[in-house]
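Using the UniProt record's numbering, read the sequence shown as starting at 1 and increasing by one per residue. A virtual CB, placed ideally from N, CA and C, is assigned to each residue, including glycine. All figures in this text were calculated on a predicted structure; none of them were measured in a lab. To keep things clear, I will list the structure first and then write my remarks on it.
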Amino acid sequence: RGTMMAGSPSSAAGGFLQSRLSFRKSEEIADLIDLFSKTQYRAKEITSRVEAIETRCLELFARDYKFSVIQNSNGEVCGHYPRQIVFLEYECTDVENDRYESTLQISKLQDLVNRSKMARCRGRFVCPVILYDGKHICRSSTLAGWGELYGRTGYNYIFSGGSDDTWTESEEVPEDDSAVRNGDSQLFDKVRGHDIKLLRYLSVRYICDLMVENKKVKFGLNVTSSEKADKAQRYADFTLLSVPYPGCEFFKDYKDRDYTAEGLVFNWNQDYVDAPLTIPMCFTQNLNIDWTQYQSWDLVEQTQNYLKLLLHIINNDDESGLLVHCISGWDRTPLFVSLLRLSLWADGAVHVNLEPGEILYLTIAYDWFLFGHMLPDRLSKGEEIFFFCFNFLKHIGSEKFSAVKKNRCVLQFIMFCLRDRGSVTSLSSEFSLITEEVGSSSLNNDVDLLSTQTQASSWRKGTTSSPQMVVWNKQNPLDECLPHPLNEARSSSSSSSNQSEHAGTRTGSSPLAVPGRSCPFPSERQARLEAVREIFLAAYSSTVGLKSSAPSPSGAISGLLEQFARGVGLRGTNTILNATY
1 RGTMMAGSPS SAAGGFLQSR LSFRKSEEIA DLIDLFSKTQ YRAKEITSRV EAIETRCLEL
61 FARDYKFSVI QNSNGEVCGH YPRQIVFLEY ECTDVENDRY ESTLQISKLQ DLVNRSKMAR
121 CRGRFVCPVI LYDGKHICRS STLAGWGELY GRTGYNYIFS GGSDDTWTES EEVPEDDSAV
181 RNGDSQLFDK VRGHDIKLLR YLSVRYICDL MVENKKVKFG LNVTSSEKAD KAQRYADFTL
241 LSVPYPGCEF FKDYKDRDYT AEGLVFNWNQ DYVDAPLTIP MCFTQNLNID WTQYQSWDLV
301 EQTQNYLKLL LHIINNDDES GLLVHCISGW DRTPLFVSLL RLSLWADGAV HVNLEPGEIL
361 YLTIAYDWFL FGHMLPDRLS KGEEIFFFCF NFLKHIGSEK FSAVKKNRCV LQFIMFCLRD
421 RGSVTSLSSE FSLITEEVGS SSLNNDVDLL STQTQASSWR KGTTSSPQMV VWNKQNPLDE
481 CLPHPLNEAR SSSSSSSNQS EHAGTRTGSS PLAVPGRSCP FPSERQARLE AVREIFLAAY
541 SSTVGLKSSA PSPSGAISGL LEQFARGVGL RGTNTILNAT Y
């Protein structure tokens with residue numbers, strides 16, 4: 001009986017060891033963020049600390065997957081992609097089994113990558129980063145425009161001694177190679193053709209474009225393009241979704257509002273914003289979202305709805321993968337890649353053997369740092385999109401964001417009542433009401449949750465070929481005069497900046513507080529995401545800290561961050577909150 005006591009020496013030792021391990025992992029993340037905040041990753045400039053981060057990422061991937069590696073040793077393929085790009089092949093949780101049978105020809109994939117990199121801005125080719133239920137979730141930049149394409153082609157030709165290995169596929173290049181180089185359309189056919197081959201090799205069907213422009217324009221010139229703006233419609237066989245999302249500059253407004261995303265609305269009336277929201281009808285019908293109102297959504301609602309859409313897409317098709325990209329692919333793209341990875345992990349659908357601190361380390365190191373996010377530059381400009389990503393986890397704990405549709409909240413309520421009343425029959429009336437609301441068949445399928453840990457399973461509907469598209473353009477100026485609940489909530493004294501419109505803040509919206517929960521029993525998903533968020537806030541507060549331009553409206557940012565830091569024993573020399581007046 002003595003061994004059962006809470007105060008036994010073995011129990012105390014176990015608790016102490018667990019505490020030490022937790023502290024070590026939190027310290028590891030703090031060291032990562034500290035380096036990240038001072039250094040932008042470049043594949044050609046590797047230190048021992050960066051090498052340790054690369055090794056750690058490979059170790060974490062290996063916990064759950066067998067994978068091959070796309071070599072990018074000195075940045076030959078892309079200077080701001082990892083030196084060892086992980087291609088996840090299949091799940092394998094038997095860590096003792098060293099047998100590994102590759103499911104692909106890595107040389108063929110490497111060749112496709114080398115040929116397709118020219119098609120995309122900054123050479124940031126389509127790269128698979130998450131393996132979910134046998135499907136690849138990929139990231140990239142947008143398509144390169146003619147200026148960048150010709151510039152890089154000429155650069156490669158001159159500095160490779162007069163030969164360009166991108167064009168050495170003899171069976172496809174005509175004898176008169178100059179005929180290919182002389183025309184824009186022939187050049188685009190060639191380069192984008194390789195990009196399309198890579199997409200098909202990865203079984204990607206859906207392309208989600210986060211740009212608010214059809215083409216990026218600088219100094220009156222189109223410097224980048226996009227699949228939706230391809231005049232020759234080379235990407236017509238893919239399902240293209242235009243889901244415009246504000247760029248990193250908008251997160252300066254987020255920071256200036258003391259890291260409060262509630263009520264922060266992007267200004268869609270700026271001249272350069274010309275990309276409409278375009279989503280296939282088959283995806284709009286099942287999400288219970290009024291997409292016509294997207295221009296009135298604040299940053300919280302917009303991010304939530306886009307994440308729901310991406311999760312719905314990846315669950316809607318048994319075989320096809322997804323590509324997410326913005327312009328350069330290192331701000332908005334890692335935001336949604338990171339949220340997807342963490343959301344699927346919280347459901348037990350990916351990285352099932354990683355703990356909260358480990359999945360946090362992996363997504364910061366791999367999705368953000370090693371893929372070239374310029375955190376030092378963003379911090380110097382106050383563009384806190386990186387902090388927003390992980391603080392936003394408090395907004396996606398609900399089962400509405402779960403890829404595994406389980407009625408956990410209802411089931412936990414039933415278990416609570418069973419313990420309270422000690423009888424199943426006494427719950428007949430309550431159970432009948434519940435099943436009317438959520439569907440008895442759905443509830444019956446989830447009974448296993450009462451006794452076992454949630455297992456990841458997909459819910460899908462059949463694919464729709466040539467889906468009818470729904471397009472929403474800029475609002476008519478006359479429409480803006482019509483009353484809208486969000487507009488009515490805005491203060492009459494508030495003014496619209498060039499980037500945003502500051503709507504009235506929701507009640508009780510402390511920047512770090514978790515929104516009110518509709519379910520009185522937090523789900524496992526919610527608890528897992530909150531654990532990740534708490535570790536992040538503690539590490540961030542001990543390294544970077546939050547910088548406010550005015551006293552916090554909630555008066556609680558500094559205290560809450562310090563509380564998180566103390567919770568895991570991290571107290572850095574940095575000021576947790578730096579206020580400038």
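Taken in chain order, the complete alpha helix (DSSP H) segments of 4 or more residues contained in the region 66-126 are 106-116. Exposed is the label assigned to serine 107, since fewer than 16 other Cβ atoms lie within 10 Å of its Cβ.
Taking a cut-off of 8 Å on C-beta distances, the region 54-61 does not touch the region 377-395, as fewer than three cross pairs fall below it. For histidine 325, the uninterrupted beta strand (DSSP E) run begins and ends at 321-325, by DSSP. Check the Cα spacing between glutamine 71 and each of Phe536, Phe61, Gln84 and Arg63: the tightest is with Gln84. A direct Cα-Cα distance of roughly 14 Å separates phenylalanine 67 from valine 350.
A direct Cα-to-Cα measurement between cysteine 326 and tryptophan 268 gives close to 17 Å. Taking a cut-off of 8 Å for Cβ pairs, the region 302-313 and the region 354-374 do not touch, as fewer than three such pairs fall below it. Looking at Met118, Ile313 and Ala43, the one whose alpha-carbon comes closest to that of tyrosine 132 is Ile313. Separation of the CB atoms of proline 244 and leucine 210 is rounded to 7 Å, and the pair is thereby assigned contact status at 8 Å. In this model, alanine 232 and asparagine 74 are separated by some 35 Å (Cα to Cα). The continuous alpha helix (DSSP H) containing phenylalanine 386 extends over residues 385-391. Counting C-beta atoms within 10 angstroms of its own C-beta, glycine 134 has fewer than 16 neighbours from the protein chains shown and is therefore classed as exposed. Runs of the beta strand (DSSP E) lying entirely within the region 199-282, each at least 3 residues long, are 204-209, 239-242, 264-266 and 277-280 in chain order. Just measuring C-alpha positions, the residue of Trp345, Leu393, Ser242 and Leu299 sitting nearest arginine 257 is Leu299. Isoleucine 137 places its beta carbon less than 8 Å from that of leucine 340. Nearest to leucine 240 by alpha-carbon distance, out of Pro128, Leu379 and Leu310, is Leu310. Taking 8 Å as the cut-off, the Cβ atoms of glycine 397 and glutamate 530 count as close.
In the DSSP assignment, lysine 135 falls within the beta strand (DSSP E) that extends over 135-140. With contacts defined as CB atoms closer than 8 Å, arginine 205 and serine 320 qualify as a contacting pair. Distance between glutamine 285 and phenylalanine 401, taken at the CA atoms: about 16 Å. For isoleucine 396, there is no enclosing alpha helix (DSSP H), as DSSP gives it neither H nor E. In this structure, the straight-line span from the alpha carbon of glutamine 110 to that of asparagine 315 is close to 28 Å. Between phenylalanine 125 and cysteine 78, the gap from beta carbon to beta carbon is short of 8 Å. The beta carbon of phenylalanine 336 lies closer than 6 Å to those of Val324 in the same chain, with the five residues before and after it left out. Here DSSP, grouped into helix, strand and coil, assigns lysine 44 to coil. Its chain contains Leu210, Tyr245 and Cys326 as the residues whose beta carbon lies nearer than 6 Å to that of arginine 332, once the 5 sequence neighbours on both sides are disregarded; these appear in chain order. Setting aside the 5 residues that flank it on each side, tyrosine 294 is surrounded in the same chain by Leu277, each with a C-beta closer than 6 Å to its C-beta; the list follows chain order.
With a minimum length of 4 residues, the unbroken runs of alpha helix (DSSP H) contained wholly in the region 286-343 fall at 299-315. Comparing alpha-carbon positions, the option among Ala261, Ala144 and Ser140 lying closest to tryptophan 297 turns out to be Ala261.
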